[in-house]
Amino acid sequence: MSHALAQTIDHPLGEISDAELAQRAVEGDEGAFVAIMRRHNRLLFRTARAVLRNDADAEDALQQAYLRAWRAIGSFRAEARLSTWLVRIVANEALARARRPALKVIPLDTVMSSTETDPLNWLQDDADKQPDRITMRTELRRLMEARIDQLPDDFRWVFVLRGVQELSVEEVASALAIPEATVRSRFFRARDLLRKGLSQDFDMALGDAFAFDGERCARLVAAVIPRLTPRPGRAVA
Numbered sequence: 001m002s003h004a005l006a007q008t009i010d011h012p013l014g015e016i017s018d019a020e021l022a023q024r025a026v027e028g029d030e031g032a033f034v035a036i037m038r039r040h041n042r043l044l045f046r047t048a049r050a051v052l053r054n055d056a057d058a059e060d061a062l063q064q065a066y067l068r069a070w071r072a073i074g075s076f077r078a079e080a081r082l083s084t085w086l087v088r089i090v091a092n093e094a095l096a097r098a099r100r101p102a103l104k105v106i107p108l109d110t111v112m113s114s115t116e117t118d119p120l121n122w123l124q125d126d127a128d129k130q131p132d133r134i135t136m137r138t139e140l141r142r143l144m145e146a147r148i149d150q151l152p153d154d155f156r157w158v159f160v161l162r163g164v165q166e167l168s169v170e171e172v173a174s175a176l177a178i179p180e181a182t183v184r185s186r187f188f189r190a191r192d193l194l195r196k197g198l199s200q201d202f203d204m205a206l207g208d209a210f211a212f213d214g215e216r217c218a219r220l221v222a223a224v225i226p227r228l229t230p231r232p233g234r235a236v237a
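The numbering of the sequence shown is full-length UniProt numbering, which starts it at 1 and goes up by one.
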């Protein structure tokens, strides 16, 4: 057994720091780079998805960004966070694709701390795993993702990194090459837009609650008519 393989067994890659994984990748260890990808896939996919608003395009951009990262891993400096370095590469790749004329840009889990009455709070997972609760959370996540897709680009990118992935203000600023004050202002503005949009969605949903029309209405009426008995003094039609 090789020394490198023995080290991998003795120290599972999942327990190795980003800095050490990056160093191993610099030395040509593909296994270390695979561990990096698996560790940061969710963050980086969401980064690309925030820019492109399309799952397939986001995956393509992420694959290309990983290839760029593999080729450039030697330029990574351990004093920085690997995740931030990767986010910057993915964001640049996604932004480049979004600017291509041929690309049609079209349509993440817990989001933000707020009061219990805030509809966004329903996106939080809880211990209650009842089917109706799971269905409700699924639908609310669908609404949230649709609303996030509708945010202006600058707000959407900041919101996904800061609100969904919970990167620090400093990390988001570094990844997007914008001032920290801009990160804060765009994030709060994005939250405000999302709350207003979701409130509209909920108002519309309430109007449709317990709907009983169309086929359901006709079916019930049809079931009742044969059971109607003649009333005194009235001829049966």
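Note that CB positions come from ideal geometry on N, CA and C, so glycine has one too.
In the three-state scheme derived from DSSP, where H, G and I count as helix and E and B as strand, Gln200 is classed as helix.
Here Gln165 has Leu43, Arg46 as same chain residues with Cβ atoms under 7 Å from its own Cβ, once five neighbours each way along the sequence are excluded. The shortest CA-to-CA distance from Phe202 to any of Val221, Arg162, Met144, Phe155 is the one to Met144. If you ignore the 5 residues before and after Ala50, its C-beta comes within less than 6 Å of the C-beta of Arg156, Trp157, Val160, all in its own chain and listed in chain order.
Here Arg227 has no same chain residue with a Cβ atom under 8 Å from its own Cβ, once five neighbours each way along the sequence are excluded. Exclusion of the five residues before and after Trp70 leaves Ala25, Phe33 as the residues of its chain whose Cβ lies within less than 8 Å of its Cβ. Of all alpha-carbon atoms in Ala94, Ile89, Leu13, the one lying nearest the alpha-carbon of Arg53 is that of Ala94. With a threshold of 16 other beta carbon atoms within 10 Å, Ala22 meets it and is buried.
Taking C-beta atoms as the reference points, Thr84 and Glu171 count as a pair closer than 7 Å.
Scanning its chain for C-beta atoms nearer than 7 Å, with the 5 sequence neighbours on each side dropped, one finds around Met37 the residues Tyr66, in chain order.
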